[in-house]
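Data block below; observations after.
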Ligand SMILES: CCCCCCCCCCCCCCCC(=O)SCCNC(=O)CCNC(=O)[C@H](O)C(C)(C)COP(=O)(O)O
Ligand SMILES: Nc1ncnc2c1ncn2[C@@H]1O[C@H](COP(=O)(O)O)[C@@H](OP(=O)(O)O)[C@H]1O
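Residue numbers (UniProt numbering): 1 to 370.
This is the structure in structure tokens:
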């Protein structure tokens with residue numbers, strides 16, 4: 001017999017594909033910049049599986065507890081399947097072997113590139129502006145490349161030493177030395193490339209990045225689209241099981257809002273220095289110094305106490321009693337990053353391959369959750 005798909009499941013299974021189509025359409029109208037090195041990308045999205053695991057498991061523990069062995073074993077199994085797929089697809093877990101996404105990339109003609117100098121500027125010796133997309137990234141990559149080449153100094157060929165001296169002189173902004181050499185920028189790029197590829201098997205984007213190279217040329221399935229699809233479907237998929245309890249808990253605690261309101265009103269109605277009337281001495285009609293001092297010290301202390309109550313109430317309400325709020329915020333953050341990726345990064349085919357690879361596995365896992 002055919003199982004009925006609920007409205008929630010339609011939402012769960014269509015969120016990422018619909019967002020990809022939506023973002024792709026937006027990309028024709030919008031021309032936005034996204035910072036690859038921004039804190040949100042670096043500390044949240046790029047460590048997304050960590051945040052997703054912590055919030056997902058915390059929600060499960062708070063709403064279901066660990067007593068019902070049957071239920072957490074199923075959750076654990078789903079988590080292990082998704083984690084294993086994420087690891088195989090994006091990380092080099094077996095020493096020397098590349099992750100699936102990097103195997104696809106190299107099989108379709110991609111490689112780690114070291115075109116440091118602009119090959120068209122034979123006399124000028126300019127840095128290749130296409131070598132990494134921002135000045136900061138280029139500088140960081142050059143520093144990495146320099147360190148690697150420096151460690152290869154014992155290489156019998158003169159080439160390495162030559163390349164090394166040239167990058168070093170570039171880094172220290174001494175272009176004159178570059179012009180004196182007998183090489184063209186294009187030849188030097190080739191030397192560096194050859195030396196590094198001969199020295200080490202560069203078969204993953206991680207190794208390439210660690211050497212300062214640029215991972216270009218092949219079909220590069222979007223790691224962000226892949227990871228965010230997997231994370232969103234995990235969080236929203238598990239929300240199916242805890243949703244009702246979470247919703248009830250959210251409204252059970254309504255008294256918290258009254259308490260919060262009372263504390264906010266207290267802060268707003270605290271008497272400040274100019275709100276306090278000092279008692280005047282009947283002898284010389286001068287204001288009482290103690291009143292002034294009290295007015296200086298008391299309001300800040302009382303506000304600090306109220307702020308402390310408010311923060312404690314909020315932390316208890318969100319982190320302890322209603323962690324589903326964290327889950328929803330996290331899904332919102334992943335959705336936003338997904339949208340940005342679809343607008344700014346990769347080709348449509350690379351986005352689609354990232355999506356499909358995560359989507360198929362997550363759909364198989366969550367189609368028969370009950
Ligand atoms: C009830 C039974 C007990 C439950 C037992 C489970 C307890 C789990 C508790 C949770 C603890 C947290 C464990 C988290 C483990 C991790 O995942 S740590 C590693 C985190 N790493 C990431 O998140 C990296 C994600 N990033 C990427 O994969 C890549 O950067 C990218 C996004 C694919 C991009 O790749 P590029 O090549 O840079 O483009
Ligand atoms: N939403 C987003 N915000 C910022 N950077 C993003 C992004 N989506 C993708 N990127 C960046 O685009 C590059 C390709 O991403 P991916 O293959 O993971 O989809 C990565 O660069 P770096 O690997 O140089 O950091 C990644 O950080």
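In this text, a Cβ means the ideal position worked out from N, Cα and C, and glycines have one as well.
> Which class does residue 240 belong to by DSSP, given the choice of helix, strand or coil?
Replying inline: For the purposes of this step, residue 240 is identified with residue 240 of the chain shown, where counting begins at 1. DSSP, read as helix, strand or coil, puts residue 240 in helix.
>> Here's a check: name, in chain order, each residue in its chain whose Cβ is nearer than 7 Å to the Cβ of residue 355, leaving out the five neighbours to either side.
In response: Working through the chain shown from its first residue, we reach residue 355 at position 355. For residue 355, where only same-chain residues beyond five positions count, the Cβ hits under 7 Å are 16, 17, 20, 225, 229.
>> If you follow the alpha helix (DSSP H) that residue 335 is in, where does it begin and where does it stop?
In response: As a position in the chain shown, residue 335 is number 335, starting the count at 1. Where residue 335 is concerned, the enclosing alpha helix (DSSP H) stretches over 324 to 344.
> Using the rule of at least 16 other Cβ atoms within 10 Å of the residue's Cβ for burial, across every protein chain shown, is residue 124 buried or exposed?
Replying inline: Along the chain shown, read from residue 1 onward, the residue named residue 124 stands at position 124. So residue 124 counts as exposed.
> Going by Cα to Cα distance, which pick from 7, 5, 14 is closest to residue 360?
Replying inline: For this step, residue 360 is matched to residue 360 along the chain shown. The candidate whose alpha carbon is nearest that of residue 360 is 14.
> How close, in whole Å, do the beta carbons of residue 335 and residue 232 come, if the pair is a contact with beta carbons under 8 Å?
Replying inline: Residue 335 sits at position 335 when you count from the first residue of the chain shown. Residue 232 sits at position 232 when you count from the first residue of the chain shown. A Cβ-Cβ distance of about 7 Å is found for the pair residue 335 and residue 232, placing them in contact under the 8 Å criterion.
>> Rounding to the nearest angstrom, what Cα-Cα distance links residue 350 and residue 302 in this structure?
In response: To locate residue 350, count along the chain shown from 1; it is residue 350. To locate residue 302, count along the chain shown from 1; it is residue 302. If you take the alpha carbons of residue 350 and residue 302, they lie about 57 Å apart.
> Who are the near neighbours of residue 128 in its chain, counting only those whose CB is closer than 7 Å to its CB and skipping five residues on each side?
Replying inline: Here the question's residue 128 lines up with position 128 in the chain shown. Correct list, in chain order: 115, 116, 117, 118.
> Would you report the Cα separation of residue 139 and residue 113, rounded to the nearest angstrom?
Replying inline: Here residue 139 corresponds to residue number 139 of the chain shown, with the count starting at 1. Here residue 113 corresponds to residue number 113 of the chain shown, with the count starting at 1. If you take the alpha carbons of residue 139 and residue 113, they lie about 16 Å apart.
>> Quick test of your reading: residue 212 and residue 141, contact by CB under 8 Å. State the CB separation rounded to the nearest angstrom.
In response: On the chain shown, residue 212 is found 212 positions in, with the first residue counted as 1. On the chain shown, residue 141 is found 141 positions in, with the first residue counted as 1. Indeed they touch by this definition, with Cβ atoms about 4 Å apart.
>> Below 7 Å, is the gap between the Cβ of residue 34 and the nearest heavy atom of ligand 2?
In response: Locating residue 34 in the chain shown gives position 34, counting from the first residue. At least one heavy atom of ligand 2 sits closer than 7 Å to the Cβ of residue 34.
> Residue range of the beta strand (DSSP E) that residue 113 falls in?
Replying inline: Along the chain shown, read from residue 1 onward, the residue named residue 113 stands at position 113. First-last of the beta strand (DSSP E) with residue 113: 111 to 113.
> Between the segment 88 to 98 and the segment 198 to 208, are three or more C-beta pairs nearer than 8 Å?
Replying inline: The segment 88 to 98 and the segment 198 to 208 touch, with no fewer than 3 CB-CB distances between them shorter than 8 Å.
> Can you pull the DSSP bridge partners for residue 127?
Replying inline: For this step, residue 127 is matched to residue 127 along the chain shown. Answer is 117, bridged to residue 127.
> On the three-pair Cβ rule with 8 Å, is the segment 256 to 263 touching the segment 310 to 330?
Replying inline: With a cut-off of 8 Å, the segment 310 to 330 and the segment 256 to 263 count as touching, because enough Cβ pairs lie within range.
> Are the beta-carbon atoms belonging to residue 185 and residue 238 less than 8 Å from one another?
Replying inline: Numbered from 1 along the chain shown, position 185 holds the residue referred to as residue 185. Numbered from 1 along the chain shown, position 238 holds the residue referred to as residue 238. Contact annotation: residue 185 and residue 238 have beta-carbon atoms that are not nearer than 8 Å.
>> Just list the residues that DSSP pairs residue 100 with in beta bridges.
In response: Position 100 of the chain shown holds residue 100. Its beta-bridge partners do not exist; DSSP assigns none.
> Do residue 109 and residue 218 have their C-beta atoms within less than 8 Å of each other?
Replying inline: For the purposes of this step, residue 109 is taken as residue 109 along the chain shown, with counting starting at 1. For the purposes of this step, residue 218 is taken as residue 218 along the chain shown, with counting starting at 1. A contact, by the Cβ cut-off of 8 Å.
>> Give me the DSSP bridge partner(s) of residue 215.
In response: Residue mapping note: residue 215 aligns to position 215 of the chain shown, counting from 1. When DSSP reads this structure, residue 215 sits in a beta bridge with 112.
> How would you label residue 29, buried or exposed, when you count the other beta carbons within 10 angstroms and need 16 or more for buried?
Replying inline: Here the question's residue 29 lines up with position 29 in the chain shown. So residue 29 ends up on the exposed side.
>> Can you give me the C-alpha to C-alpha distance between residue 87 and residue 24, rounded to a whole angstrom?
In response: Position 87 of the chain shown, counting from 1, holds the residue named residue 87. Position 24 of the chain shown, counting from 1, holds the residue named residue 24. Going by the C-alpha atoms only, they are around 27 Å apart.
> residue 68 by DSSP, collapsed to three states: which one?
Replying inline: Looking up residue 68 in the chain shown gives position 68. When secondary structure is reduced to three states using DSSP, residue 68 falls in the coil class, being assigned neither helix nor strand.
> At what residues does the alpha helix (DSSP H) containing residue 360 begin and finish?
Replying inline: Looking up residue 360 in the chain shown gives position 360. Its alpha helix (DSSP H) spans residues 348 to 367.
> Using DSSP with H/G/I as helix, E/B as strand and the rest coil, what is residue 300?
Replying inline: By 1-based counting over the chain shown, the position of residue 300 is 300. Of the three classes helix, strand and coil, the one that applies to residue 300 here is helix, per DSSP.
> In three-state DSSP terms, what is residue 134?
Replying inline: In the chain shown, the residue the question calls residue 134 occupies position 134. Residue state, collapsed to three classes: coil.
> Exposed or buried, residue 347, counting other C-beta atoms within 10 Å across all chains shown (16 or more means buried)?
Replying inline: In the chain shown, residue 347 corresponds to position 347, counting from 1. Exposed, since its Cβ has fewer than 16 Cβ neighbours within 10 Å.
> When the Cα of residue 234 is compared with those of 364, 6, 345, 319, which residue comes out closest?
Replying inline: As a first step, residue 234 must be located in the chain shown, where it is residue number 234. Closest option to residue 234, Cα to Cα, is 364.
> Just curious, the alpha helix (DSSP H) that residue 186 is in, first and last residue?
Replying inline: For the purposes of this step, residue 186 is taken as the residue at position 186 of the chain shown. For residue 186, the enclosing alpha helix (DSSP H) has its first and last residue at 185 to 199.
>> Can you check which of these residues, 325, 268, 215, 304, is closest to residue 105 by C-alpha distance?
In response: Against the chain shown, residue 105 aligns to sequence position 105. The shortest C-alpha separation from residue 105 is found at 215.
> Can residue 330 and residue 51 be called in contact, C-beta distance under 8 Å?
Replying inline: Here residue 330 is taken as the residue at index 330 of the chain shown, counted from 1. Here residue 51 is taken as the residue at index 51 of the chain shown, counted from 1. Going by C-beta atoms, residue 330 is nearer than 8 Å to residue 51.
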